[in-house]
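Here the working numbering is used: the first residue of the sequence shown is 2, the next is one more, and so on.
Glycine residues also receive a C-beta, built at the ideal position from the N, C-alpha and C atoms.
Note that the coordinates shown come from a computational prediction; the quantities given were computed from them, not determined experimentally.
Structure, as structure tokens:
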Amino acid sequence: MVNPSKMIFRQYGRSRHLKVETAEELKYVVELDEALWVATSAPVDMLNCDGTFLRLLDKNNTGRILCSEVKDAISWLLSTLSSHTEITAHSETLRLNAVNTGTPQGQQIQDAAREIISKLNETDTEKVTLQQVRQVKTQVASMPVSEAGVVLPEAAKDAEIRQFIDDILKTIGGTAHPNGAEGIGSAQLASFLEQAASELHRCEQGNAPADEDKTAVMSLGEQKLRKYLEPRFANSLRSLIADGTRTAAMMNKIRLLEKLILYQCYMIEFVNNFVSFPRLYDTHSRAMFEMGSLVMDGRRFNLAVKVHDRARHIRIAGASNMYLMYVEITPSGESPKIEVAVPVTSGGKGNLCISKRGVFYDTAGREYDAEVVHIIENPISFSEALLSPFQRLGRLLTGKIESITAKAEQKLDTRASAAVSHLGSEPSASRAAPKQTSGIVNGGLAMGAAVALAALGSAAAYITKTLAETSLSAIVFSILAALLLVLIPITIVAFLKLRKRNISAILEGSGWAINAQMRLTYRQARFFTERPRYPKGAKGIRCFP
Numbered sequence: 002m003v004n005p006s007k008m009i010f011r012q013y014g015r016s017r018h019l020k021v022e023t024a025e026e027l028k029y030v031v032e033l034d035e036a037l038w039v040a041t042s043a044p045v046d047m048l049n050c051d052g053t054f055l056r057l058l059d060k061n062n063t064g065r066i067l068c069s070e071v072k073d074a075i076s077w078l079l080s081t082l083s084s085h086t087e088i089t090a091h092s093e094t095l096r097l098n099a100v101n102t103g104t105p106q107g108q109q110i111q112d113a114a115r116e117i118i119s120k121l122n123e124t125d126t127e128k129v130t131l132q133q134v135r136q137v138k139t140q141v142a143s144m145p146v147s148e149a150g151v152v153l154p155e156a157a158k159d160a161e162i163r164q165f166i167d168d169i170l171k172t173i174g175g176t177a178h179p180n181g182a183e184g185i186g187s188a189q190l191a192s193f194l195e196q197a198a199s200e201l202h203r204c205e206q207g208n209a210p211a212d213e214d215k216t217a218v219m220s221l222g223e224q225k226l227r228k229y230l231e232p233r234f235a236n237s238l239r240s241l242i243a244d245g246t247r248t249a250a251m252m253n254k255i256r257l258l259e260k261l262i263l264y265q266c267y268m269i270e271f272v273n274n275f276v277s278f279p280r281l282y283d284t285h286s287r288a289m290f291e292m293g294s295l296v297m298d299g300r301r302f303n304l305a306v307k308v309h310d311r312a313r314h315i316r317i318a319g320a321s322n323m324y325l326m327y328v329e330i331t332p333s334g335e336s337p338k339i340e341v342a343v344p345v346t347s348g349g350k351g352n353l354c355i356s357k358r359g360v361f362y363d364t365a366g367r368e369y370d371a372e373v374v375h376i377i378e379n380p381i382s383f384s385e386a387l388l389s390p391f392q393r394l395g396r397l398l399t400g401k402i403e404s405i406t407a408k409a410e411q412k413l414d415t416r417a418s419a420a421v422s423h424l425g426s427e428p429s430a431s432r433a434a435p436k437q438t439s440g441i442v443n444g445g446l447a448m449g450a451a452v453a454l455a456a457l458g459s460a461a462a463y464i465t466k467t468l469a470e471t472s473l474s475a476i477v478f479s480i481l482a483a484l485l486l487v488l489i490p491i492t493i494v495a496f497l498k499l500r501k502r503n504i505s506a507i508l509e510g511s512g513w514a515i516n517a518q519m520r521l522t523y524r525q526a527r528f529f530t531e532r533p534r535y536p537k538g539a540k541g542i543r544c545f546p
């Protein structure tokens, strides 16, 4: 049982994260209530880490890593190593004296390490590296007899047995070997012996098939089949197949050794991207779920999260209150396209829009073509959040005016068309009548215009008189009071909306189970969206066309 008083929680983005930097602090994770973890489950394919390490963590092979699997992995790691120094160092080198041989698996791991050191003729016999383990693992997997008991022809030292295996492959076919070739297993051997005996029995009964009716096995010839049915051929091949058990035992020990080194190397780093998320708030490092950086519109967007189901992600990520771009990345060759969600966290909208193109750099520095395919719009900066209500009001008024104008134009067109049709159908005598009333109409219009001008003049005179009787300071104060009355609530709403920007929703849309509300900090916002400065010392020259 660990001492809770030694646990340290750091606050990032208004959520608390357990500090895990040493093997001693790794013990706290096993005791910590899962409700205090930042994440409780995550999709395996969302993490940038050693693939074998992630598959080992996913013990149930569900494609997701759960709390219980992480706790089991940590407990196994701490119990299998008697010294935890290399865990803190994130080392890919295992010291043999650090292995706890008091456990059955610990003894197997040490035996495997010594076999690898001996096989590679290493001078340092007290440590083994991950690279050395994987080198030998590849060699063992490529052995002529696989761990599944699949035998390649070269596994046989006797030339006749090699030919026997070749003939079975030609007539019966084989099964896949880890090195990519085909070999013979127990099923293929049994099938060949059965067919060979059946064909020879037919021949003994005088029912030998004609050349065109011969089976693949019979094409080897009666004499060769009789030779292959001698016990020594089947016994030799069965002995080789049995060697697969020894290969499997060796591979199991090597895999255990590889597992221990991987856990020693990556466990603390993984915990800091699952139980706690300090890497996300550190501008000098990358979180495991970050895909890379997008360069577009003269800016660099440094946070990108993989998206499998855009529609689902949009539904969930809408709660993030962030301006979010969905970007389609096109890898080279025939690899399938990838989609990522990229938040815009500072500056302004600029020229960002759907179909905008740029380039994407993954965490390994590889370059890809990128295109914006969807956008969730939200205020990006304080100024945008402040102007957002006015912009919405402006769009509403513009839409109304355009709607009224369109209706008025439609009515005018209808009346004009009707008038033209009416005039065209009346006789010339009847069309002369309106000319007699034109003076009355013109007089009415003039009178209406005069009344309107008089009203406007009266209103202007009243406003001028009122302003003349009011002091300048009172006018300024009234204007400022009116502005403050409008701006204060808008400012508060804008501030609160930006303060509520939430990274958790972006991860949840990608399949993560997140406990904490990970708010976007000012420092993060400046880093996740940055406009690079020109090189120091560079000169600018103004050019005129």
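Taking Cβ positions only, does residue i come closer than 8 Å to chain C?
{"i": "Lys-225", "result": "Checking the listed chains, one finds no chain C in this structure; it contains a single protein chain."}
Using a Cβ-Cβ cutoff of less than 6 Å, which residues in the same chain neighbour residue i once the five nearest sequence positions on both sides are dropped?
{"i": "Arg-502", "result": "Asn-322, Met-323, Leu-521"}
{"i": "Arg-532", "result": "Arg-300"}
{"i": "Ser-431", "result": "Note that Ser-431 scores 48 on pLDDT, short of 50, meaning its location in the model is unreliable; the coordinates nonetheless yield the value given after this. Result list for Ser-431: empty, nothing under 6 Å."}
{"i": "Lys-436", "result": "Reliability fails at Lys-436, whose pLDDT of 49 lies under 50, so the model's placement of it is uncertain and the value that follows must be treated cautiously. So the list is empty, once near-sequence residues are dropped."}
{"i": "Ala-94", "result": "In the sequence under discussion, the amino acid at residue 94 is Thr, which differs from the Ala named in the question. For Thr-94, where only same-chain residues beyond five positions count, the Cβ hits under 6 Å are Lys-128, Thr-130."}
{"i": "Leu-281", "result": "Ala-288"}
{"i": "Thr-89", "result": "Thr-23, Ala-24"}
{"i": "Val-442", "result": "Residue placement at Val-442 is flagged as unreliable, the pLDDT there being 46, under the threshold of 50; a coordinate-derived value is accordingly withheld."}
Report the residue from the options whose alpha carbon sits nearest the alpha carbon of residue i.
{"i": "Ser-240", "options": "Ala-156, Val-218, Gln-411", "result": "Ala-156"}
{"i": "Met-219", "options": "Phe-54, Ile-173, Glu-385, Leu-238", "result": "Ile-173"}
{"i": "Asn-98", "options": "Gln-108, Gly-64, Thr-89", "result": "Gln-108"}
{"i": "Ser-143", "options": "Glu-403, Ile-493, Pro-179, His-91", "result": "Pro-179"}
{"i": "His-85", "options": "Glu-22, Arg-65, Ala-517", "result": "Glu-22"}
{"i": "Val-296", "options": "Asn-352, Phe-383, Ile-315", "result": "Asn-352"}
{"i": "Thr-126", "options": "Gln-136, Gln-111, Thr-139, Val-137", "result": "Gln-111"}
{"i": "Ala-373", "options": "Ile-402, Ile-480, Arg-396, Val-341", "result": "Looking at the sequence provided, one finds Val at residue 373 rather than Ala. Checked all of Ile-402, Ile-480, Arg-396, Val-341; the closest Cα to Val-373 is Val-341."}
{"i": "Gln-265", "options": "Asn-49, Ser-16, Gln-133, Leu-27", "result": "Leu-27"}
{"i": "Gly-319", "options": "Leu-33, Gly-541, Ile-507", "result": "Ile-507"}
Have a look at the DSSP bridge pairing and note the partners of residue i.
{"i": "Ala-43", "result": "Ile-66"}
{"i": "Tyr-324", "result": "Val-345"}
{"i": "Tyr-362", "result": "Ser-294, Glu-368"}
{"i": "Thr-492", "result": "Beta-bridge pairing links Thr-492 to no other residue."}
{"i": "Tyr-13", "result": "Ser-16"}
{"i": "Phe-302", "result": "Leu-295, Thr-530"}
{"i": "Gly-395", "result": "The partner list for Gly-395 (beta bridge, DSSP) is empty, contrary to what the question assumes."}
{"i": "Gly-184", "result": "Thr-176"}
{"i": "Glu-340", "result": "Val-308, Glu-329"}
{"i": "His-91", "result": "BP columns for His-91 are empty, so no partner."}
{"i": "Arg-520", "result": "Asn-503"}
{"i": "His-375", "result": "Tyr-327"}
{"i": "Ala-514", "result": "Ser-42"}
I need the boundaries of the alpha helix (DSSP H) containing residue i, first residue and last residue.
{"i": "Gln-206", "result": "That residue, Gln-206, is in no alpha helix (DSSP H); it is neither H nor E in DSSP."}
{"i": "Thr-53", "result": "52-58"}
{"i": "His-552", "result": "Residue 552 is absent from the structure shown; the chain starts at 2 and stops at 546."}
{"i": "Thr-216", "result": "Taken as a continuous stretch (DSSP letters only), Thr-216 belongs to no alpha helix (DSSP H), as it is neither H nor E."}
{"i": "Leu-508", "result": "505-510"}
{"i": "Leu-95", "result": "Unbroken run through Leu-95 is the beta strand (DSSP E), 94-96; no alpha helix (DSSP H)."}
{"i": "Leu-1", "result": "Any property of residue 1 remains undetermined from this structure, which presents the chain solely from 2 to 546."}
{"i": "Ala-114", "result": "105-120"}
{"i": "Arg-543", "result": "Counting along the chain, Arg-543 falls outside any alpha helix (DSSP H), and DSSP gives it neither H nor E."}
{"i": "Lys-228", "result": "223-229"}
{"i": "Arg-287", "result": "No alpha helix (DSSP H) contains Arg-287, which DSSP labels as neither H nor E."}
{"i": "Glu-25", "result": "24-32"}
{"i": "Thr-139", "result": "131-142"}
Could you pull the start and end residues of the beta strand (DSSP E) that residue i belongs to?
{"i": "Ser-16", "result": "16-19"}
{"i": "Thr-124", "result": "Premise fails: Thr-124 is in no beta strand (DSSP E) and is neither H nor E."}
If residue i and residue j are in contact, beta carbons under 8 Å, what's the gap, nearest whole angstrom?
{"i": "Ala-365", "j": "Ile-330", "result": "Rounded, the Cβ-Cβ distance is 14 Å, inconsistent with contact."}
{"i": "Ala-197", "j": "Leu-230", "result": "6 Å"}
{"i": "Arg-313", "j": "Gly-175", "result": "Contact flag wrong, Cβ pair sits at about 44 Å."}
{"i": "Phe-1", "j": "Tyr-13", "result": "One cannot answer for residue 1 here, as it falls past the ends of the chain, which runs 2 to 546."}
{"i": "Ala-113", "j": "Gly-245", "result": "18 Å between Cβ atoms; not a contact."}
{"i": "Ala-43", "j": "Ile-66", "result": "5 Å"}
{"i": "Ala-235", "j": "Leu-194", "result": "6 Å"}
Can you list, in chain order, the residues of its chain whose CB lies under 7 Å from that of residue i, leaving out five sequence neighbours each side?
{"i": "Leu-170", "result": "Glu-183, Ile-185"}
{"i": "Ser-439", "result": "Model confidence at Ser-439 stands at a pLDDT of 49, short of 50, so the residue's coordinates are unreliable and nothing is read from them."}
{"i": "Trp-38", "result": "Cys-68, Val-276, Asn-516"}
{"i": "Ser-505", "result": "Ile-515, Ala-517, Gln-518, Met-519"}
Please return the same chain residues whose Cβ sits closer than 8 Å to the Cβ of residue i, not counting the five positions on each side in sequence.
{"i": "Ser-80", "result": "Asn-101, Thr-104"}
{"i": "Leu-257", "result": "Gln-106, Gln-109, Ile-110, Ala-113"}
{"i": "Ile-376", "result": "Tyr-324, Leu-325, Met-326, Tyr-327, Leu-353, Cys-354, Ile-355"}
{"i": "Asp-167", "result": "Pro-154"}
{"i": "Arg-227", "result": "Leu-201"}
{"i": "Cys-544", "result": "none"}
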